[in-house]
Amino acid sequence: MVLLIADTEDEVRRTKTAFDAADVEITCRAVIGSDDGLDYLREHATDEPQSGPDLVLLDLDDPDDGDDLLEAIRSEPVFGHLPVIVLANTSTDEDVARLYQATANAYLPKPETDEEFVAVVETIQAFWLEQAQLPTRRRRH
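In this note's numbering, the protein residues as written are 544 to 684.
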């Protein structure tokens, strides 16, 4: 399962539409805002393999908003290992470098068309959930 943390309801709708249209078996759960995203992760990230997300898709209108959220995610031992893919409207070299320094696993410019977004979703499944070997969930201390 992919957890989408988005800034707006429109971003949620667009992303969920791409997941529905894509030829993928993964589901997408969505929350709006960093606080709700962290709350969701804290509530659902447990030792049970099927209880929490496999990765986080962070959809940002402003790439500056991602640093604190990435830091908060990485500071949690139970879900800090989750891959985080950032989608953002700008892709300046400074934005990209800063988000990677904040430990994003991947940075993608937001797709411009619905078809491009479907291709991104299919690529996420193919690479992150089928090809890459992800760490197992960590235990709470």
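Beta carbons are placed, not taken as given, at the ideal position from N, Cα and C, and that holds for glycine.
| Do the segment 640-655 and the segment 567-587 make contact, defined as three or more Cβ pairs closer than 8 Å? | no
| query | Where does Leu-547 land, buried or exposed, given buried means 16+ other C-beta within 10 angstroms? | reply | buried
| said: Can you tell me whether Ala-675 is helix, strand or coil according to DSSP? | reply: coil
| Nearest candidate by alpha-carbon position, reference Pro-596, set Phe-660, Asp-611, Ala-588 | Ala-588
| Can we say the segment 662-672 touches the segment 561-568, given the rule of at least three CB pairs closer than 8 Å? | Yes: at least three Cβ pairs fall under 8 Å.
| request: With Ala-662 as the anchor, note down where its alpha helix (DSSP H) starts and where it stops. | output: DSSP places Ala-662 in the uninterrupted alpha helix (DSSP H) bounded by 657-667.
| said: Under DSSP, the beta strand (DSSP E) around Val-621 begins and ends at which residues? | reply: For Val-621, no beta strand (DSSP E) run applies, since DSSP gives it neither H nor E.
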